[in-house]
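S.K.:
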Amino acid sequence: MSTFKEMGLKSEILSAIEELGYVNPTKIQELALPKILESKQDLIAFAQTGTGKTAAFSLPVLNQIDTSKKGIKCIVLSPTRELGLQIAQDIKSYSKNIPGFKVVAVYGGADITSQIRNIERGCDVVVGTPGRTLDLIKRNRLNLEGVEFLVLDEADEMLSMGFAEDLDAILANTPKEKQTLLFSATMPPDMVKLSRKYMTDPLEISAGSKQEANTSVTHLYYKINNRDRYPALKRAVDVAPDIYGIIFCRTRAETKEVAERLSEDGYNTDALHGDLSQAQRDHVMGKFRNRSLQLLVATDVAARGLDVNELTHVINFKLPDEDAVYVHRSGRTGRAGNEGISLTLLTGNEEKRLRYLEKKIGRKFERVDIPNGKEICEKQLFNLIDNIKETEIANSHIDSFLPQIYEKFEEMSKEEVIKKIVSTEFNRFLEYYRDAPDLNKTSDKRERERNRERDNNRDSDRGNRRDRGDRGDRGGDRRERREHKTADNMTRYFINQGKKDGFNPKILMGMINSHMEGKSPEIGQIEIMKMFSFFEMEKGYTADLQRASKNMEHNGRDVSIEESSPKPSGGGGDRRDRNRGDRDRSPRSGGGKDHRGGGSSRASGSHGAKRRRRF
Ligand code: AMP
């Protein structure tokens, strides 16, 4: 196999792809690169998404473009806006070290004037969807007369989407002397016609025939009610303790929202989307690659440059519109000999679309039940036990503490010690999922309402506890917390007394009145949680209150009061507290390799059929 360097790529391109982590060419690149570099012959390449086809045509074209010449040298046509943007983004990364090089993407559904401005500022390559490209040609805003390369990417898709006429019209506006590169997964009759009409003696190469999804991926789906999408996602994650995966969302806003909610709920996650700067994106990708992050919530475009072979799961928070996007997403797992799961959260309305997708990608989707609380707890429990068993003992360090540790456990039996150790970690799941409703799509509307109400109440309570960094739980839902916002004239406080201590608003008021004699600050909202509480007090009394709290006692315990962040109106919880406690203490936030106790390798290697069915 030749290396990229041996193929004759210039140093500017080599350095860029090296940065992207491309070491060896993929099969389609190995076949296409030399042909495009060495001859002007037209080319038909059969390659499916995920094979590295974008680089297969982009790298040799970029290698030959002379940026000192004016005008567009290459036009790439792609069936969808999403794919077009991805290609343009890829070309941008491949060409980042080529001085003066510019690529512009043009596509429908976006402001045409800014696209015209971009073209008029000068560019070497245009990537466009057929409709918008033709529109620009008709407006005399896109001149393809100097084009040396024409790329038809996913040509079969373009034809099946009804772009045949547009393609005809676009191609008629390109010079005769050019190299046409047609990439496609299949060769439908229309395409044979198209190639005969517009290509001269094309050379055919192939790196796999039909557009098929990867065979090492199991395609599963949960049938959900739309409003249960988020709780269902959490269950998918909770039932797979060793998960290392990407959650794909359709928009930047959705990506942000899901990542934010998961973070608030204590999951080890971050978001990757187009609103982040390149440096921020690199940072997030770096964390995910080195497994400091267990879950990445991403848009398709943003996740393009990310190549990780060991992903156990891809979760489609929503089904993408394009089949190719689904293939691309799911193809991110089940790589390098590993098995993977592609799980889609699907509403009843989308099932028809799923059947169509099955046909297109040649794979069956299996419906699996959304796990119930018992199944999740069982999974978490045995994972915990496995992790304890696999944990290496740091002999020299722990030995010196052992006598004291034994002394502390002296009174307890071995069984009791085991129970307690396991419970410290496990209780949070047990508690959260106690009485957890069945989220599987049910036709009984009233039952669904009841379930949701129960879920919301439970989530609200736990979410607030998590705000304090309490070890109690995960899974808070922000809906409840939206109800009230700390007023500007109030300060919010945390107090270490909760329902379990027999604490209630009356006791709190009594304590304040008796210990802050001579002062009568206004008291705002009081929230009594299980283990602790929050209350609001008129601003300006913090020092008095803290002084007074030194003398407070309740239920045999010293009372501790601390100032807390104001309660937000739109969710988001108590950031200071969350940063301090929740992330560190959440069941999933232990961070990276160590936290999973070697689980990652097990996760990627042991997804046998049995395990998957229990998903
Ligand atoms: P594509 O088929 O163009 O959609 O590419 C699929 C994925 O493979 C993209 O994320 C590319 O960044 C990546 N890729 C392309 N070529 C290589 C290579 N030679 N080595 C590693 N990754 C690659």
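Here the sequence shown stands for residues 6 to 620, numbered as in the numbering used here. All residues carry an ideal CB built from backbone N, CA and C; glycine is no exception.
Can N29 be considered in contact with the ligand AMP, in the sense that its beta carbon sits closer than 7 Å to one or more heavy atoms?
M.R.: Here the question's residue 29 lines up with position 24 in the sequence shown. Correct: N29 has its Cβ closer than 7 Å to the ligand AMP.
S.K.: Report buried or exposed for Y361, applying the criterion of at least 16 other Cβ atoms within 10 angstroms of its Cβ.
M.R.: Here the question's residue 361 lines up with position 356 in the sequence shown. Exposed, because fewer than 16 other Cβ atoms sit within 10 Å of the Cβ of Y361.
S.K.: The alpha helix (DSSP H) spanning L139 covers which residue range?
M.R.: By one-based count along the sequence shown, residue 139 stands at place 134. That run of the alpha helix (DSSP H) goes P135 to K143.
S.K.: Is it the case that the Cβ atoms of Q299 and T338 are separated by a distance below 8 Å?
M.R.: If you number the sequence shown from 1, residue 299 lands on position 294. If you number the sequence shown from 1, residue 338 lands on position 333. Against a cut-off of 8 Å, the Cβ pair of T338 and Q299 comes out as no contact.
S.K.: Please tell me whether, using a cut-off of 7 Å, the distance from the CB of L19 to the nearest non-hydrogen atom of the ligand AMP is below it.
M.R.: Translated into the one-based positions of the sequence shown, residue 19 becomes position 14. False, no ligand heavy atom lies under 7 Å from that Cβ.
S.K.: Could you pull out every unbroken beta strand (DSSP E) segment of at least 3 residues lying fully inside the stretch 308 to 379, listed in chain order?
M.R.: 318 to 321 and 345 to 352
S.K.: Quick one: is the Cβ of H278 within less than 7 Å of any heavy atom of the ligand AMP?
M.R.: Taking the sequence shown and counting its residues from 1, one reaches residue 278 at position 273. Result no, Cβ not under 7 Å from the ligand AMP.
S.K.: Could you tell me the boundaries of the beta strand (DSSP E) in which K292 lies?
M.R.: Against the sequence shown, residue 292 aligns to sequence position 287. Element bounds for K292: not the beta strand (DSSP E) but the alpha helix (DSSP H), Q283 to R294.
S.K.: Cα separation between Q53 and S165?
M.R.: Here the question's residue 53 lines up with position 48 in the sequence shown. Here the question's residue 165 lines up with position 160 in the sequence shown. Each residue's alpha carbon lies about 16 Å from the other.
S.K.: Take G595 and list the residues in its own chain whose beta-carbon comes closer than 6 Å to its own, dropping the five residues that flank it on each side.
M.R.: Position 590 of the sequence shown, counted from the first residue, corresponds to residue 595. Confidence at G595 is low in this model, with a pLDDT of 35, below 50, so the placement of that residue is unreliable and no value is reported for it.
S.K.: Alpha carbon to alpha carbon, how far is E541 from I22? Give it in angstroms, no decimals.
M.R.: To locate residue 22, count along the sequence shown from 1; it is residue 17. To locate residue 541, count along the sequence shown from 1; it is residue 536. Going from the Cα of I22 to the Cα of E541 covers about 56 Å.
S.K.: Does DSSP put V275 in a helix, in a strand, or in coil?
M.R.: Against the sequence shown, residue 275 aligns to sequence position 270. Per the sequence presented here, residue 275 reads as Asp, with Val not at that position. Strand at D275.
S.K.: Cβ-heavy atom distance between K101 and the ligand AMP below 7 Å?
M.R.: Within the sequence shown, the letter at position 96 stands for residue 101. No, the Cβ of K101 stays beyond 7 Å of every heavy atom of the ligand AMP.
S.K.: If you drop the 5 nearest sequence neighbours on each side, which residues of the same chain put their C-beta closer than 7 Å to that of K15?
M.R.: The residue labelled residue 15 in the question sits at position 10 within the sequence shown. Counting only Cβ-Cβ distances below 7 Å, and skipping sequence neighbours, we find N68.
S.K.: Taking only the alpha-carbon atoms, compute the straight-line gap between V152 and L141 and give it to the nearest angstrom.
M.R.: For this step, residue 152 is matched to residue 147 along the sequence shown. For this step, residue 141 is matched to residue 136 along the sequence shown. The straight-line gap from Cα to Cα measures roughly 15 Å.
S.K.: Please list the terminal residues of the continuous beta strand (DSSP E) segment that includes L300.
M.R.: Taking the sequence shown and counting its residues from 1, the one referred to as residue 300 is at position 295. Taken as a continuous stretch (DSSP letters only), the beta strand (DSSP E) holding L300 covers L300 to T304.
S.K.: Between E265, I423, L324 and E522, which lies nearest to K394 when the distance is taken from Cα to Cα?
M.R.: As a working mapping, residue 394 is identified with position 389 in the sequence shown. That would be I423, whose Cα lies nearest to the Cα of K394.
S.K.: Which whole-angstrom value describes the C-beta separation of N501 and S565, a residue pair presumed to lie in contact below a C-beta threshold of 8 Å?
M.R.: As a position in the sequence shown, residue 501 is number 496, starting the count at 1. As a position in the sequence shown, residue 565 is number 560, starting the count at 1. At roughly 5 Å, the Cβ-Cβ gap stays under 8 Å, so N501 and S565 are in contact.
S.K.: Roughly how many angstroms lie between the CA atoms of M106 and Y438, to the nearest whole one?
M.R.: In the sequence shown, the residue the question calls residue 106 occupies position 101. In the sequence shown, the residue the question calls residue 438 occupies position 433. Reading the sequence as shown, one finds Phe at residue 106 and not Met. Cα to Cα, the separation comes out at about 55 Å.
S.K.: Give the single residue among D326, S335 and V373 whose Cα lies nearest to the Cα of K357.
M.R.: For this step, residue 357 is matched to residue 352 along the sequence shown. The option with the nearest alpha carbon to K357 is D326.
S.K.: Within its chain, find whatever has a CB closer than 6 Å to the CB of G577; leave out the 5 residues flanking it on each side and keep chain order.
M.R.: If you number the sequence shown from 1, residue 577 lands on position 572. Note on G577: pLDDT 33, under 50, position unreliable in the model; the coordinate value appears next. Beyond the five residues adjoining it in sequence on each side, G577 comes within less than 6 Å, by CB distance, of no other residue in the same chain.
S.K.: Any contact of the stretch 186 to 201 with the stretch 153 to 163, i.e. 3+ C-beta pairs under 8 Å?
M.R.: yes
S.K.: Once you ignore the five residues that flank N178 on each side, which residues in its own chain have a CB closer than 6 Å to its CB?
M.R.: Translated into positions along the sequence shown, residue 178 becomes position 173. So the list reads I142 and L149, once near-sequence residues are dropped.
S.K.: Using alpha carbons as the reference points, say which of I528, P510, P236 and A548 lies closest to M534.
M.R.: As a working note, residue 534 is residue 529 in the sequence shown. Looking at the Cα atoms, P510 is the closest of the given residues.
S.K.: Between the C-alpha atoms of S401 and Q409, what's the straight-line distance to the nearest angstrom?
M.R.: Locating residue 401 in the sequence shown gives position 396, where the first residue counts as 1. Locating residue 409 in the sequence shown gives position 404, where the first residue counts as 1. Distance between the alpha carbons of S401 and Q409 is about 15 Å.
S.K.: Considering only the alpha carbon of each residue, which of V330, R257 and V263 lies closest to D280?
M.R.: Here residue 280 corresponds to residue number 275 of the sequence shown, with the count starting at 1. It is R257.
S.K.: Quick one: grab the DSSP three-state call for K107.
M.R.: For the purposes of this step, residue 107 is taken as the residue at position 102 of the sequence shown. Reduced to three states, the DSSP call for K107 is coil.
S.K.: State the Cα-Cα distance for the pair F508 and S428, rounded to the nearest angstrom.
M.R.: One-based indexing of the sequence shown puts residue 508 at position 503. One-based indexing of the sequence shown puts residue 428 at position 423. Between F508 and S428, the C-alpha separation is close to 25 Å.
S.K.: Assuming contact is defined by CB atoms lying nearer than 8 Å, are L277 and R266 in contact in what I supplied?
M.R.: Here residue 277 refers to the residue found at position 272 of the sequence shown. Here residue 266 refers to the residue found at position 261 of the sequence shown. Cβ atoms of L277 and R266: not closer than 8 Å.
S.K.: If we ignore side chains and look at the alpha-carbon of each, how far apart do G378 and L435 end up?
M.R.: The residue you call residue 378 lines up with position 373 of the sequence shown. The residue you call residue 435 lines up with position 430 of the sequence shown. Straight-line Cα distance between these residues: approximately 8 Å.
S.K.: Beta carbon of G26: closer than 7 Å to some heavy atom of the ligand AMP?
M.R.: Translated into the one-based positions of the sequence shown, residue 26 becomes position 21. Yes, the beta carbon of G26 sits closer than 7 Å to at least one heavy atom of the ligand AMP.
S.K.: Which partner residues does F499 have in the DSSP bridge list?
M.R.: One-based indexing of the sequence shown puts residue 499 at position 494. Residue pairing from DSSP places F499 in a beta bridge opposite F539 and E567.
S.K.: Determine whether the beta carbon atoms of E371 and L225 lie at a separation below 8 Å.
M.R.: Counting from 1 along the sequence shown, the entry for residue 371 is found at position 366. Counting from 1 along the sequence shown, the entry for residue 225 is found at position 220. Yes, the pair counts as a contact, with Cβ atoms nearer than the cut-off.
S.K.: If you measure between the beta carbons of D95 and P135, is that distance less than 8 Å?
M.R.: Stepping through the sequence shown from its first residue, residue 95 is reached at position 90. Stepping through the sequence shown from its first residue, residue 135 is reached at position 130. Not in contact: D95 and P135 (Cβ atoms no closer than 8 Å).
S.K.: Under three-state DSSP, which class holds Q91?
M.R.: Along the sequence shown, read from residue 1 onward, the residue named residue 91 stands at position 86. In the structure shown, Q91 falls within a helical segment according to DSSP collapsed to helix, strand and coil.
S.K.: At which residue ranges does the stretch 224 to 277 contain complete beta strand (DSSP E) runs of 3 or more residues, listed in the order of the chain?
M.R.: For the stretch 224 to 277, whole beta strand (DSSP E) runs of length 3 or above, ordered along the chain, are 250 to 254 and 274 to 277.
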